[in-house]
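Just below is one structure, and these are the notes that go with it.
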Amino acid sequence: MKSTVGRGFDTATATVATLGLTASPAQAAFDTAYCRVHFTSCRSGDITSHSSQHWIRYWMGSGSLCGADWRIVDGDNGAVVASGSVPQNATAAGTIYGLHGRYHMTIVNGCTGADGWLRNYT
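Take the sequence shown: its letters are residues -28 to -1, 1 to 94, numbered as in mature numbering (1 follows the signal peptide of the UniProt record, and there is no 0).
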């Protein structure tokens, strides 16, 4: 797996367990944005980074038919903050730190069945 990241990066290969968290009124909503390939590409909706720790978690799976390329893109200026390629039947996951805006995921050169998500909570 090849990954390129423009800001702080921590690779996660284990399944992320969801913790029971209670949101205070000052916290932003917990958001997840999904991207599901139906032919060769997809684009998720935009989500904001974590409100106090300024990160976004991502996961991408290539599916059983072919590999795929993925990108995490700044929704305001179009800058790519992380990107990589995932071979057939493989996944990529991690956390991108130092983010202060809205971001979305794109998957390109993929096949039906590839999918991914961005999340601003654990």
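Just so it is clear, CB atoms sit at the ideal spot from N, CA and C, and this is done for glycine as well.
Considering Cα atoms alone, identify which of the options is closest to residue i.
i, options, result
"G73", "A62, F11, V45, G33", "V45"
"P59", "D41, G50, Y75", "D41"
"R91", "H10, G56, I68, G47", "I68"
"N81", "A51, R43, Y93, G47", "R43"
"C38", "V52, T94, D87", "D87"
"G47", "G85, Y6, I19, F2", "I19"
Within 10 angstroms of its Cβ, does residue i collect 16 or more other Cβ (buried), or is it exposed?
i, result
"S16", "buried"
"N61", "exposed"
"N49", "exposed"
"H10", "exposed"
"Y75", "buried"
"T54", "This sequence places Ala at residue 54; Thr is not what is there. Classification of A54: buried, given that the 10 Å Cβ count is 16 or more."
"S24", "exposed"
What span of residues does the beta strand (DSSP E) with residue i cover, start to end?
i, result
"D87", "87 to 91"
"S55", "52 to 58"
"G66", "63 to 69"
"G33", "27 to 33"
Look up residue i in the DSSP assignment and give the residues it is bridged to.
i, result
"A5", "L90"
"C14", "I79"
I'd like to check one pair, residue j with residue i: are the Cβ atoms closer than 9 Å?
i, j, result
"T63", "S34", "yes"
"W27", "G70", "yes"
"T12", "W89", "no"
"R8", "Y93", "no"
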